[in-house]
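Read through the structure below, which is laid out as structure tokens, and then see the notes.
Chains as they are written, first to last, in my numbering: chain A, -2 to 610; chain R, -2 to 610.
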């Protein structure tokens, strides 16, 4: 059931205990609303990406917006159709990682996993920048501070997630619905207008349209196509979440998938129709979506509603990464491709590290892009398409192995999808290489290599630990406990108590340096010790200067050498002060000793916390 | 003997074990060379500080260079005389901190200590910038990169000290001698010239001389005096190092002190005579010392020799802070004014933190000053003068309590010195307040407050620990050892062995989460456990999700509540991988459990390192 969660927007496994009743699960409609968040949100930057590429060929180029969009819609159709098949084939939830693991072997599945990891990170960056762009389109005065606003939004989202809030998919239904409805209204109204009702938003902004209308080459169209395909991100989310649908799961999930394709297609085509009808020109600082809202609804409350809806949806879409990535990492950790800490159902602390790591990398990307969506979108597309391609190829394999009725048709469909997405991935990478695609080209193999290194290390360690094999029966050794002592106090007494309870024999040791005051101090301690007479010998260890831990460590080594039968334990008493900053004042000797003993000996190290009360 | 080291340029206590023979100790001459490093080095920036202030009053103002220098020489004489008395009164080595502690109470001694700390830090910054200035005077092309060069030099010095190299005072003799001799030669030769033999160095550099010759007010002269007094820093070093002189210590130290005064005085006066004779004008980018070398020796190899000698001496002078500050901190830590870690004769690691901290703060000052000596010099002077003043006031007290023969005269002398230095301190602070003196005005009280807070905390904790008091006799409790287990391996076996050796009773516990796979895993573990049959029960702890440590912690608390007589120990086995990075793959469960248990229970935590072999 955990595979459910190997994709953005899906709900982490922990959120859905197996005993959840059917009525808690998703219908086609609720499922659509709950899981299509990312896909719908991508409408905010997809069309813009197309227009910006075509603008390089001047007004003439913009004429190709609609054709390109239709091509993308075509690809969308193919993807939806083939994901319907993924749903049927993987009712337990697919996810390119799972599909590849079953049908394409470990290496490929790792590539899929790596691309997913990159997607989660880029999804945060893209959604945040696009959301801020929606806001700055409404309030142009904020445009110059967009990077800071992006970082602020990121901090906000991170803060929410640090508090451990992972909201259920259901929370997404309302904002998604609001957004979709408002976009559809925008399109519907716009279709009844022959000319833009307002161009206030774009007024006074520099047009990025090239003046010299160059000829529109195939490469340019490919570029536009590839960039625009970023509007298809998130189409896979439904296929990964089949188990959270109400029975008949597959049917409902498939229906939701088709509905998603339909709505997304309508929105994309509708928007591009309006773009051509209003002869809309891309300008710096105002999103295409904002201009369209302006043109069809006018520069009034409706305009601001759409901007805010967009902003909020994109923020939520960024948030899904924080829910999804940890779960993917958990899957990888379970398969020994990542440190097991990621698989720990541990206390909040651990979870926080992950959140912070994700936030930091995203922040890096935000700074790298200067808060500009269109720098990040292509990178995002690459990872997504790699995932698509792998999933589809995996499906082809699946059909060939299954050879069920009409398997050739299904295989053909998936194969066609694979080719399209694969080509798109290559095109984006090639055309955007210098603009940042190199990041992906470097990061992806590195990630895969890292996964494999970790995996090899775990295998080796596991073998040497004899994991799973039943070990030889345990035996009891004589136990000698050593207590480092520097003065006489309730803490010392407490330590000696613990030691006598733990050991067959106990020795207190104190380190003495060759200078006068140390010798005096040691002598004083010894006399006080005799006076106390705890029935435990106090051994004085001479030491060269600048050493406290090493003498004790070598003493321990010596004992281990002389008395092979004994198990040596070093018990280090520590004060637990009532105020946190007072930690700085305490236990430093202990830390030094523990460090040395751990480094140079095989002794067990005991730390006794003594609470001041 | 440790007080020896409470001042810049002195040798840390550890460097001079008490058994060192007399022949290893210093004579008046070697002592002078070894301990006057800082004082001599200050000649490189002292006169310059005067000239720069006076330049504000134009050529007319520069005419007062000699009178001001003479006044400073006068103060020098008073200081030397009164430090002769300090030497006599504190044959164990004085140091304003020690003097104040004996005669002026804790609060004042802390002020002295704080000012010393600031001096150490500022000494690094001033010496580095001045050294680089000497270099850039020889190679003007480097002038624009001076900040980077300062940081580079700092990194170099830090690196040397990180490697734990604290060279003995003796290493300073040669460079100090070279520097002093070359300066004296410079002066001697210059006195035989009526006009500068070369002005090549200053050529093409913008003069900082004010054109409109304003009248020279008393304030300006005070300013010049105060800034110039920075040339007196380091005069106290000898008085702090009496114990490292050969018998008769006091006599030899006093002789060295007088010699220091003489040499320093001669250099200061000599240089200022040349300044007036050559009508030298300060320019941006070339030090006054460089111009003088140029003027009297010509722009030849001799000029470069002097620049390099200066550079090297100043670098060494910066280095003394790295030897001296840790020792002062150790003194404060011994008196419970700083965390005890500073007093640990610990292994290199600890020492390194101190070095790095000092380097970071100095780097901050370098950036703050933009690599410009004359921004830092006044700040430096403030701290030094506070130290001077406190030491002298302390001496006045000393004489009044002693009431030896002619005590009035001695007290008068020290009192006079105190007034002079005190006034200078006030003047510098007032005149340079906006230029950075505010830093000191803020930092000093903060440091004192911090010292006192730490001291109070230690006293409280010490009382509650019953430090020194002989504790009640120890008793043995029944020992129950708990071993968290997640799977079966040699590590588990090793842990159970250790536990059975340490405890009267041993229980293995495993945490199980409510989801399916966890239950399956737990069941598998239990059956394997029965098969192994180590004679230790395996307890299954149910847990809400996202928790591994808490269930174990609460289990421990429950036991502690049920069985008051028992001492509970949690034994956490850890794998010690052979490669460092593999630490990332291991022991994370252990860390989480240890954290929770330490936080919520009073149980002893044992960590068993298991080396893969």
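Think of the CB as a built atom: it goes at the ideal place given N, C-alpha and C, for glycine as much as any other residue.
Are residue 588 (chain R) and residue 467 (chain A) closer than 9 Å when you measure CB to CB?
Translated into positions along the second chain, residue 588 (chain R) becomes position 591. Translated into positions along the first chain, residue 467 (chain A) becomes position 470. By the CB criterion at 9 Å, residue 588 (chain R) and residue 467 (chain A) fall outside the cutoff.
Could you tell me whether the Cβ atoms of residue 566 (chain R) and residue 536 (chain R) are closer together than 9 Å?
The residue labelled residue 566 (chain R) in the question sits at position 569 within the second chain. The residue labelled residue 536 (chain R) in the question sits at position 539 within the second chain. Not a contact, by the Cβ cut-off of 9 Å.
Going by CA-CA distance only, name the one from A:534, A:516, A:529 that's closest to residue 541 (chain A).
Taking the first residue of the first chain as 1, we reach residue 541 (chain A) at position 544. It is A:516 whose Cα lies nearest to the Cα of residue 541 (chain A).
From the beta carbon of residue 241 (chain A), is the nearest beta carbon of chain R less than 9 Å away?
The residue labelled residue 241 (chain A) in the question sits at position 244 within the first chain. Judged by the 9 Å Cβ criterion, residue 241 (chain A) is not in contact with chain R.
Best match in R:259, R:118, R:24 for proximity to residue 325 (chain R) [C-alpha to C-alpha]
Residue numbering aside, residue 325 (chain R) sits at position 328 when the second chain is read from its first letter. Ranking the options by Cα distance to residue 325 (chain R), first place goes to R:118.
With a threshold of 9 Å between beta carbons, is residue 373 (chain A) in contact with chain R?
By 1-based counting over the first chain, the position of residue 373 (chain A) is 376. Closer than 9 Å: no.
Verify whether the separation of the beta carbon atoms of residue 499 (chain A) and residue 499 (chain R) is less than 9 Å.
Taking the first chain and counting its residues from 1, one reaches residue 499 (chain A) at position 502. Taking the second chain and counting its residues from 1, one reaches residue 499 (chain R) at position 502. Yes, the Cβ-Cβ distance between residue 499 (chain A) and residue 499 (chain R) is below 9 Å.
In terms of alpha-carbon separation, which member of R:484, R:247, R:329, R:418 lies closest to residue 68 (chain R)?
For the purposes of this step, residue 68 (chain R) is taken as the residue at position 71 of the second chain. It is R:418.
Looking at the secondary structure, which residues open and close the beta strand (DSSP E) in which residue 480 (chain A) lies?
On the first chain, residue 480 (chain A) is found 483 positions in, with the first residue counted as 1. Per DSSP, residue 480 (chain A) belongs to the beta strand (DSSP E) from 475 to 481.
When DSSP labels each residue in this structure, what does residue 563 (chain A) get in the three-state scheme?
Start at 1 with the first residue of the first chain, and residue 563 (chain A) comes out as number 566. Residue 563 (chain A): strand per DSSP, three-state reduction.
With 9 Å as the limit, tell me which residues of the region 472 to 483 of chain A have their beta carbon closer than that to any beta carbon of chain R; keep them in chain order.
472, 473, 474, 475, 476, 478
Would residue 201 (chain R) be called buried (16 or more neighbouring beta carbons within 10 Å of its own) or exposed?
Taking the first residue of the second chain as position 1, residue 201 (chain R) is located at position 204. With fewer than 16 other Cβ atoms within 10 Å, it is exposed.
Are the C-beta of residue 489 (chain A) and some C-beta of chain R separated by less than 9 Å?
By 1-based counting over the first chain, the position of residue 489 (chain A) is 492. Interface residue, yes.
Any heavy atom of the ligand NAP closer than 8 Å to the beta-carbon of residue 137 (chain R)?
Among the components of this structure there are no ligands whatsoever, and the ligand NAP is therefore not found.
Classification of residue 143 (chain A) by the beta-carbon crowding that lies within 10 angstroms, buried from 16 upward:
Position 146 of the first chain, counted from the start, is the residue given in the question as residue 143 (chain A). So residue 143 (chain A) ends up on the buried side.
Going by CA-CA distance only, name the one from R:50, R:409, R:518, R:497 that's closest to residue 507 (chain R).
The count along the second chain starts at 1 and reaches residue 507 (chain R) at position 510. Of the candidates R:50, R:409, R:518, R:497, the one whose C-alpha sits nearest the C-alpha of residue 507 (chain R) is R:518.
Does the distance from the CB of residue 26 (chain A) to the CB of residue 250 (chain A) come in under 9 Å?
The sequence position of residue 26 (chain A) within the first chain is 29, counting from 1. The sequence position of residue 250 (chain A) within the first chain is 253, counting from 1. Not a contact, by the Cβ cut-off of 9 Å.
Got a sec: is the Cβ-Cβ distance from residue 612 (chain A) to anything in chain R below 9 Å?
Past the edges of chain A, shown from -2 to 610, lies residue 612 (chain A), and the structure says nothing about it.
Residue burial classification, residue 564 (chain A) (beta-carbon count within 10 angstroms, cutoff 16)
One-based indexing of the first chain puts residue 564 (chain A) at position 567. Label assigned to residue 564 (chain A): buried.
Assign residue 571 (chain A) to one of three DSSP states: helix, strand, or coil.
In the first chain, counting from the first residue as 1, residue 571 (chain A) sits at position 574. Note: residue 571 (chain A) maps to strand in three-state DSSP.
Starting from the C-beta of residue 376 (chain R), find all residues in its chain whose C-beta is less than 7 Å away, skip the five residues before and the five after it, and write them out in chain order.
Within the second chain, numbered from 1, the residue matching residue 376 (chain R) stands at position 379. Correct list, in chain order: 119, 433, 434, 436, 437.
Under three-state DSSP, which class holds residue 199 (chain R)?
Working through the second chain from its first residue, we reach residue 199 (chain R) at position 202. In this structure, residue 199 (chain R) counts as coil in the three-state DSSP scheme.
Give the straight-line distance between the Cα atoms of residue 482 (chain R) and residue 598 (chain A), rounded to the nearest whole angstrom.
Residue mapping note: residue 482 (chain R) aligns to position 485 of the second chain, counting from 1. Residue mapping note: residue 598 (chain A) aligns to position 601 of the first chain, counting from 1. Cα to Cα, the separation comes out at about 24 Å.
Do you know whose CA, among A:98, A:496, A:421, A:551, lies nearest residue 395 (chain A)'s CA?
What you label residue 395 (chain A) is simply residue 398 of the first chain in a count that begins at 1. The option with the nearest alpha carbon to residue 395 (chain A) is A:98.
Quick check: what's the CA-CA separation for residue 87 (chain R) versus residue 237 (chain R)?
Position 90 of the second chain holds residue 87 (chain R). Position 240 of the second chain holds residue 237 (chain R). Taking the straight line joining both Cα atoms gives about 9 Å.
Cβ separation of residue 568 (chain R) and residue 479 (chain R), assumed to be a contact under 8 Å, to the nearest whole Å
As a working note, residue 568 (chain R) is residue 571 in the second chain. As a working note, residue 479 (chain R) is residue 482 in the second chain. Rounded, the Cβ-Cβ distance is 7 Å, consistent with contact.
If we cut at 9 Å on Cβ distances, does residue 520 (chain R) have a partner in chain A?
Residue 520 (chain R) sits at position 523 when you count from the first residue of the second chain. Answer no: the Cβ-Cβ gap between residue 520 (chain R) and chain A never drops below 9 Å.
Partners in chain A for residue 202 (chain R), counting only beta-carbon separations shorter than 9 Å
In the second chain, counting from the first residue as 1, residue 202 (chain R) sits at position 205. Result: empty, since nearest Cβ-Cβ is about 40 Å, beyond 9 Å.
Cα-Cα, which of A:495, A:414, A:547, A:585 is closest to residue 80 (chain A)?
Taking the first residue of the first chain as position 1, residue 80 (chain A) is located at position 83. Taking each of A:495, A:414, A:547, A:585 in turn and checking the Cα distance to residue 80 (chain A), the smallest one comes out for A:414.
The alpha helix (DSSP H) with residue 150 (chain A) in it runs from where to where?
Taking the first residue of the first chain as position 1, residue 150 (chain A) is located at position 153. It spans 143 to 159 - the alpha helix (DSSP H) in which residue 150 (chain A) sits, taken as one unbroken run.
Beta-carbon proximity list for residue 595 (chain A), same chain, < 8 Å, skipping 5 on both sides
Looking up residue 595 (chain A) in the first chain gives position 598. Taken in chain order, the residues that qualify are 602.
So with CB distances below 8 Å, who are the chain R contacts of residue 509 (chain A)?
Taking the first residue of the first chain as 1, we reach residue 509 (chain A) at position 512. In chain order: nothing, as chain R lies at least about 10 Å away.
C-beta atoms of residue 270 (chain R) and residue 279 (chain R) nearer than 9 Å
For the purposes of this step, residue 270 (chain R) is taken as residue 273 along the second chain, with counting starting at 1. For the purposes of this step, residue 279 (chain R) is taken as residue 282 along the second chain, with counting starting at 1. No, Cβ-Cβ distance for residue 270 (chain R) and residue 279 (chain R) is not below 9 Å.
Classification of residue 192 (chain A) by the beta-carbon crowding that lies within 10 angstroms, buried from 16 upward:
The count along the first chain starts at 1 and reaches residue 192 (chain A) at position 195. Looking at its Cβ environment, which holds fewer than 16 other Cβ atoms inside 10 Å, residue 192 (chain A) is exposed.
Taking the alpha carbon of residue 611 (chain R) as the reference point, which residue from R:486, R:29, R:328 has its own alpha carbon closest?
Nothing in the structure corresponds to residue 611 (chain R), since chain R is present only between -2 and 610.
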